[in-house]
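In my numbering, the protein residues as written are 69 to 181.
For glycine and all other residues, C-beta sits at the position ideal for the given N, C-alpha and C.
In this text the structure is predicted, and so the values were computed from the model without any measurement.
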């Protein structure tokens with residue numbers, strides 16, 4: 069009986085707050101996107117330094133480690149890559165190492181919650 073209550077407690081209170089990685093899907097039209105993203109050519113120009121991880125479990129929680137899904141229904145965010153900086157909600161730079169990922173301008177963090 070104790071085990072049942074423990075399992076229910078874990079499912080109801082702890083599971084929703086743990087382990088949800090940020091998953092992204094790149095859409096083909098701006099109107100389908102939750103967020104418009106522009107890729108800059110240098111780290112210092114970015115709001116967020118992004119590292120593209122290979123597996124979903126490696127993705128972080130709003131820390132710049134992104135996992136791209138192959139289906140939109142599995143994504144937390146649909147993003148559209150714009151071709152002009154002024155049209156974007158967020159400017160990102162793709163890093164070549166995970167330790168470089170992170171926010172440069174924290175005032176934009178709310179966009180990915």
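Can you name, in chain order, every residue of its own chain whose Cβ lies under 6 Å from the Cβ of residue 121, other than the five neighbours on each side? As a position in the chain shown, residue 121 is number 53, starting the count at 1. Here the set comprises 127, 133, 135.
Could you tell me whether the Cβ atoms of residue 176 and residue 116 are closer together than 8 Å? Against the chain shown, residue 176 aligns to sequence position 108. Against the chain shown, residue 116 aligns to sequence position 48. The Cβ atoms of residue 176 and residue 116 sit closer than 8 Å to each other.
Buried or exposed: where does residue 140 fall if 16 or more other Cβ atoms within 10 Å of its Cβ makes it buried? Counting from 1 along the chain shown, the entry for residue 140 is found at position 72. Exposed: under 16 other Cβ atoms inside 10 Å.
In three-state terms, what does DSSP make of residue 112? Taking the first residue of the chain shown as position 1, residue 112 is located at position 44. Helix at residue 112.
Identify the residues that DSSP records as bridge partners of residue 128: which are they? Translated into the one-based positions of the chain shown, residue 128 becomes position 60. The partner list for residue 128 (beta bridge, DSSP) is empty, contrary to what the question assumes.
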